[in-house]
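>
There are 2 protein chains.
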Amino acid sequence: MTNVEISRLATKIRAVTGLTDSPIALHEPYFGGHEWQYVKECIDTGWVSSVGKYVDLFEQKLSEFTGARHAIAVVNGTAALQVALELAGVQAGDEVLMPALTFIATANAATYLNAIPHFVDVEYRTLGIDARKLADYLVDLCIIENGQCINRQTGRRIKAVVPMHTLGHPVDMDPLIQVCERFHLELVEDAAESLGSYYKGRHTGTFGKASAISFNGNKVITTGGGGAILTNDSELARRAKHLTTTAKVPHRWQYIHDERGYNFRMPNINAALGCAQLEQLPAFLAYKRSLAEHYMRALAEIPNVSVFREPEHGQSNYWLNALVLDERSTTSCEEIIEQLQAEQIYCRPMWKLLNELPMYRDLPTMPLSQSIDIERRLIHLPSGVKSPS
Amino acid sequence: MTNVEISRLATKIRAVTGLTDSPIALHEPYFGGHEWQYVKECIDTGWVSSVGKYVDLFEQKLSEFTGARHAIAVVNGTAALQVALELAGVQAGDEVLMPALTFIATANAATYLNAIPHFVDVEYRTLGIDARKLADYLVDLCIIENGQCINRQTGRRIKAVVPMHTLGHPVDMDPLIQVCERFHLELVEDAAESLGSYYKGRHTGTFGKASAISFNGNKVITTGGGGAILTNDSELARRAKHLTTTAKVPHRWQYIHDERGYNFRMPNINAALGCAQLEQLPAFLAYKRSLAEHYMRALAEIPNVSVFREPEHGQSNYWLNALVLDERSTTSCEEIIEQLQAEQIYCRPMWKLLNELPMYRDLPTMPLSQSIDIERRLIHLPSGVKSPS
Numbered sequence: 057m058t059n060v061e062i063s064r065l066a067t068k069i070r071a072v073t074g075l076t077d078s079p080i081a082l083h084e085p086y087f088g089g090h091e092w093q094y095v096k097e098c099i100d101t102g103w104v105s106s107v108g109k110y111v112d113l114f115e116q117k118l119s120e121f122t123g124a125r126h127a128i129a130v131v132n133g134t135a136a137l138q139v140a141l142e143l144a145g146v147q148a149g150d151e152v153l154m155p156a157l158t159f160i161a162t163a164n165a166a167t168y169l170n171a172i173p174h175f176v177d178v179e180y181r182t183l184g185i186d187a188r189k190l191a192d193y194l195v196d197l198c199i200i201e202n203g204q205c206i207n208r209q210t211g212r213r214i215k216a217v218v219p220m221h222t223l224g225h226p227v228d229m230d231p232l233i234q235v236c237e238r239f240h241l242e243l244v245e246d247a248a249e250s251l252g253s254y255y256k257g258r259h260t261g262t263f264g265k266a267s268a269i270s271f272n273g274n275k276v277i278t279t280g281g282g283g284a285i286l287t288n289d290s291e292l293a294r295r296a297k298h299l300t301t302t303a304k305v306p307h308r309w310q311y312i313h314d315e316r317g318y319n320f321r322m323p324n325i326n327a328a329l330g331c332a333q334l335e336q337l338p339a340f341l342a343y344k345r346s347l348a349e350h351y352m353r354a355l356a357e358i359p360n361v362s363v364f365r366e367p368e369h370g371q372s373n374y375w376l377n378a379l380v381l382d383e384r385s386t387t388s389c390e391e392i393i394e395q396l397q398a399e400q401i402y403c404r405p406m407w408k409l410l411n412e413l414p415m416y417r418d419l420p421t422m423p424l425s426q427s428i429d430i431e432r433r434l435i436h437l438p439s440g441v442k443s444p445s
Numbered sequence: 057m058t059n060v061e062i063s064r065l066a067t068k069i070r071a072v073t074g075l076t077d078s079p080i081a082l083h084e085p086y087f088g089g090h091e092w093q094y095v096k097e098c099i100d101t102g103w104v105s106s107v108g109k110y111v112d113l114f115e116q117k118l119s120e121f122t123g124a125r126h127a128i129a130v131v132n133g134t135a136a137l138q139v140a141l142e143l144a145g146v147q148a149g150d151e152v153l154m155p156a157l158t159f160i161a162t163a164n165a166a167t168y169l170n171a172i173p174h175f176v177d178v179e180y181r182t183l184g185i186d187a188r189k190l191a192d193y194l195v196d197l198c199i200i201e202n203g204q205c206i207n208r209q210t211g212r213r214i215k216a217v218v219p220m221h222t223l224g225h226p227v228d229m230d231p232l233i234q235v236c237e238r239f240h241l242e243l244v245e246d247a248a249e250s251l252g253s254y255y256k257g258r259h260t261g262t263f264g265k266a267s268a269i270s271f272n273g274n275k276v277i278t279t280g281g282g283g284a285i286l287t288n289d290s291e292l293a294r295r296a297k298h299l300t301t302t303a304k305v306p307h308r309w310q311y312i313h314d315e316r317g318y319n320f321r322m323p324n325i326n327a328a329l330g331c332a333q334l335e336q337l338p339a340f341l342a343y344k345r346s347l348a349e350h351y352m353r354a355l356a357e358i359p360n361v362s363v364f365r366e367p368e369h370g371q372s373n374y375w376l377n378a379l380v381l382d383e384r385s386t387t388s389c390e391e392i393i394e395q396l397q398a399e400q401i402y403c404r405p406m407w408k409l410l411n412e413l414p415m416y417r418d419l420p421t422m423p424l425s426q427s428i429d430i431e432r433r434l435i436h437l438p439s440g441v442k443s444p445s
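Residue numbers (the numbering used here), protein chains in the order written: chain A, 57 to 445; chain B, 57 to 445.
1. Using the Cα positions of E120/A and T279/A, report the straight-line distance between them to the nearest angstrom.
2. Alpha carbon to alpha carbon, how far is K265/B from V152/B? Give it in angstroms, no decimals.
3. Touch check for the region 91-111 of chain B and the region 317-329 of chain B: three-plus C-beta pairs under 8 Å?
4. Just how far apart, CA to CA, sit E245/A and A378/A?
5. So if DSSP puts N319/B in a beta bridge, which residue, or which two residues, is it bridged to?
6. Could you work out which residue in E349/B, N360/B, G273/B and A356/B is closest to E366/B when comparing CA atoms only?
7. Evaluate contact between the region 351-369 of chain B and the region 404-414 of chain B, counting only Cβ atoms and requiring at least three cross-stretch pairs below 8 Å.
8. Looking only at its own chain, which residues have a Cβ that is under 7 Å from the Cβ of L197/A, when we skip the five neighbours before and after it?
9. Could you list which residues in chain A have their beta carbon closer than 8 Å to that of T278/B, in chain order?
10. So for E151/A, helix, strand or coil by DSSP?
11. To the nearest angstrom, how far is it from the Cα of E179/B to the Cα of L141/B?
12. Please return the same chain residues whose Cβ sits closer than 7 Å to the Cβ of F271/B, not counting the five positions on each side in sequence.
13. In chain A, which residues lie less than 7 Å from Q310/B when you measure between Cβ atoms?
14. Going by the CB atoms, is the gap between A156/B and L137/B shorter than 7 Å?
15. Return no unless some Cβ of chain A is closer than 7 Å to the Cβ of N132/B.
16. Touch check for the region 290-300 of chain A and the region 66-78 of chain A: three-plus C-beta pairs under 8 Å?
17. What residues in its chain sit with their C-beta under 8 Å from that of D232/A, if we drop five residues either side in the sequence?
18. DSSP has Y193/A in a bridge; who is on the other side?
19. Three or more C-beta pairs under 8 Å: does that hold for the region 128-137 of chain A against the region 332-350 of chain A?
20. Closest Cβ-Cβ distance between V361/B and chain A: below 7 Å?
21. Strictly under 7 Å for the Cβ-Cβ distance: is H259/A near chain B by that measure?
22. For D439/B, which three-state DSSP category applies?
23. Determine, using beta carbons only, whether H221/B and G440/B come nearer to each other than 7 Å.
24. Only counting runs of 4 or more residues, tell me where the alpha helix (DSSP H) segments fall wholly within the region 317-403 of chain B, in order along the chain.
25. Is the CB of I128/B under 7 Å away from at least one CB in chain A?
26. Report the neighbours of S415/A on chain B: residues whose CB is nearer than 7 Å to its CB, in chain order.
27. Which residues in the same chain have their Cβ closer than 7 Å to the Cβ of P444/A, if we skip the five residues on either side of it in sequence?
28. Taking a cut of 7 Å between CB atoms, which residues from the region 262-294 of chain B lie near chain A?
29. Cα-Cα, which of L341/B, E368/B, Q333/B and R308/B is closest to R404/A?
30. Say whether chain B places a C-beta atom closer than 7 Å to the C-beta of I325/A.
31. Please give me, in chain order, every unbroken run of the beta strand (DSSP E) with length at least 3 that falls completely inside the region 262-306 of chain B.
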């Protein structure tokens, strides 16, 4: 792309977002509902912390929205994923399959359990795990012993696979579920980015044993900082609540904890924000979908680029729109981002592949040709719900 | 104590707290300052999450109040202690000395680093670590090899000691610092309960390499959920901020993380609450001190009990007042708590000693005669700042 073409791109982004003369953030939250009312009630009644009605209400509303039988509100998405992996039986020394193309939290969460991330490739269609390529890889790499999948190279058990619904686009779950069944793997979805995204009509995060959602300030809805564990299993839900509240045994006064738990509960004041945000979620999703359509139309006439479109098997929340550079593009993402940021349009590249970071460099990794190519050709476009339509 | 005497105790508690005909919580937060103004500003501007001015302001004000050169706000006190231990160089397989008489978080935090809690006894005067008894214990147990303290029984390195300022009462630090020097141990204070408590005029949490404070809903001030790391070491402060913000390397757009960090930052909306609470902290401390004095006077005439008084070497924040049953008391804490709770006075016993919990039962432990006796004779009295004086 020439500088002139990048300038045209900038103009189009300004037209689509409606922000013609101000800096454009990548994402901004929008508080247009009952946020004040609910948060003020917490302050007025003194119920801001570990007990209060909004945590229960937020969990109930989240369960209703996603269709997951249970939702457990926690302090952030990373904590949610850590506990979801623990619920799925991931233990110290286990390997956990996950995309290399994901936010750092996916790998970090596994390491907090002393498990080992094992990086796999993603596909162009979804930006998520390529189940067919994974199956071919595992056939060569693993043996099944006593109903467990053993990595023949490392001798370690591979316990789980963590699909991440990248930018909100649903992973192709059916072939991945087949891989899980064939190789005796637990499925734990990293749905941090995909609240409001569906695979064949079913909400992401409701397929595996347990999954994780995030409500960080950059997500579709926010609680300031927060996350949730989703599960359809009542016993796992009970255990999730127990583990995330320091494993304290219910008693009128005694302090007895029966296992090592975590201080991961979401404060009531953050849940209050979440309740107000959830009420607006359908409107946010509609706005994000229309923003995606506007981007697609507006950028159609810019040569050598396109806007990433949700896969046919599902409905994306379009959390973040993405610009895809054509294979033939001789301009790098960096060059485009540099110029857009100079014009105060705060675009971002994809995350650096996790297997290229110093602390995760020596972990098991399958060939990542597609991830490498996608990482080098995608740019996150401003997608905040704050912008007027 | 007879039932009649316990009833008199209940009447006195009601008189002291001024809550004559309502349930009396153990502690309640009080929001009488700029809480709503600051929180509303977060909501109105959209800055509720990981970025915003209140996190910086809260850290600055906390640093000013405590005299610690640096304060780093995090998601809760447990996370703060985990990171403080990591900053002090605690590694997997190290032992960490800590009181058995403490809240579960002290031990949990060490285990998240795969370190091993090693329980030590506390003294009557402070309810905190008995440094002289600890020194005698370590002389027999340890050898110093290459400047490191090695537990001869387990072969493991003992890396750090974690004094916890129980109920806000400052541990006797001078002899403990001598133990640290003599046995090459790092000092990491668990100051979760002691914001506003001083040892010989110096704020608790400012003595060791790094320390942890909590702002849970039951603490002197609250942020809903939150904590902070204190340190006087600028390099450790920089590292604390880096580790608690996913170890992301500052860059205008790239996602590069150079080590395994944590998603532990405090959301801006919680920090806003904290800023308003900090402004009222001197008033809260004055109230708690006067509450303690009222308890001491009012309960003086009840036989076989007393109210725990701050040690002479420092000033306690009197976070929680405690009733001490006389050695000769034939009534158990449980009996008294049972009757008080029946009258809607929600007293609590001390925490169960950590070495008696199932997951920490087999860890190294010194003889705990004083802890056992204190645990069996102390009752937490209602100490909320909400109660009118």
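For each residue, glycine too, the CB sits at the ideal point set by N, CA and C.
The structure says:
1. Position 64 of the first sequence holds residue 120/A. Position 223 of the first sequence holds residue 279/A. The alpha-carbon separation between E120/A and T279/A amounts to approximately 18 Å.
2. Numbered from 1 along the second sequence, position 96 holds the residue referred to as residue 152/B. Numbered from 1 along the second sequence, position 209 holds the residue referred to as residue 265/B. Taking the straight line joining both Cα atoms gives about 14 Å.
3. yes
4. Position 189 of the first sequence, counting from 1, holds the residue named residue 245/A. Position 322 of the first sequence, counting from 1, holds the residue named residue 378/A. Roughly 22 Å separates the two Cα atoms.
5. Here the question's residue 319/B lines up with position 263 in the second sequence. In DSSP, N319/B forms a bridge with T301/B.
6. What you label residue 366/B is simply residue 310 of the second sequence in a count that begins at 1. For E366/B, the nearest C-alpha among the options comes from E349/B.
7. no
8. For the purposes of this step, residue 197/A is identified with residue 141 of the first sequence, where counting begins at 1. Closer than 7 Å at Cβ, skipping near neighbours: N207, R208 and Q209.
9. For the purposes of this step, residue 278/B is identified with residue 222 of the second sequence, where counting begins at 1. Residues of chain A passing the Cβ test: V104 and S105.
10. Mapped onto the first sequence, residue 151/A falls at position 95. In the structure shown, E151/A sits in a strand (DSSP, three-state: E or B).
11. For the purposes of this step, residue 179/B is identified with residue 123 of the second sequence, where counting begins at 1. For the purposes of this step, residue 141/B is identified with residue 85 of the second sequence, where counting begins at 1. Rounded to the nearest angstrom, the two C-alpha atoms are 24 Å apart.
12. Within the second sequence, residue 271/B is the residue found at index 215, counting from 1. Closer than 7 Å at Cβ, skipping near neighbours: I277, T278, T279, G282, G283 and G330.
13. Translated into the one-based positions of the second sequence, residue 310/B becomes position 254. The answer, in chain order, is P405 and K408.
14. Here residue 137/B refers to the residue found at position 81 of the second sequence. Here residue 156/B refers to the residue found at position 100 of the second sequence. Not closer than 7 Å, so no.
15. Position 76 of the second sequence holds residue 132/B. So, interface residue.
16. no
17. Position 176 of the first sequence, counted from the start, is the residue given in the question as residue 232/A. Here the sequence assigns Leu to residue 232/A, which means Asp is not the residue at that position. Closer than 8 Å at the Cβ level, and outside the excluded window around L232/A, lie I185, A187, L190, V217, P219 and L243.
18. Residue mapping note: residue 193/A aligns to position 137 of the first sequence, counting from 1. Y193/A is not bridged to any residue.
19. At 8 Å Cβ cutoff, the stretches do not touch.
20. Working through the second sequence from its first residue, we reach residue 361/B at position 305. No, V361/B lies away from the interface with chain A (no Cβ there is under 7 Å from its Cβ).
21. As a first step, residue 259/A must be located in the first sequence, where it is residue number 203. With 7 Å as the cut-off, H259/A does not count as an interface residue toward chain B.
22. Numbered from its first residue, the second sequence carries residue 439/B at position 383. According to the sequence displayed, residue 439/B carries Ser and not Asp. Coil at S439/B, not helix or strand.
23. Residue 221/B sits at position 165 when you count from the first residue of the second sequence. Residue 440/B sits at position 384 when you count from the first residue of the second sequence. The answer is no: Cβ separation not under 7 Å.
24. 324-355 and 389-398
25. Residue 128/B sits at position 72 when you count from the first residue of the second sequence. No, I128/B lies away from the interface with chain A (no Cβ there is under 7 Å from its Cβ).
26. As a first step, residue 415/A is located in the first sequence; it is residue number 359 there, counting from the start. Per the sequence presented here, residue 415/A reads as Met, with Ser not at that position. Residues of chain B passing the Cβ test: E315 and R316.
27. In the first sequence, residue 444/A corresponds to position 388, counting from 1. In this predicted model, P444/A has a pLDDT of only 42, less than 50, meaning its place in the structure is not dependable enough to derive any value.
28. N272, G273, T278, G280 and G281
29. The residue labelled residue 404/A in the question sits at position 348 within the first sequence. The shortest Cα separation from R404/A among L341/B, E368/B, Q333/B and R308/B belongs to R308/B.
30. As a working mapping, residue 325/A is identified with position 269 in the first sequence. Yes, I325/A lies at the interface with chain B (some Cβ there is under 7 Å from its Cβ).
31. 266-270 and 283-287
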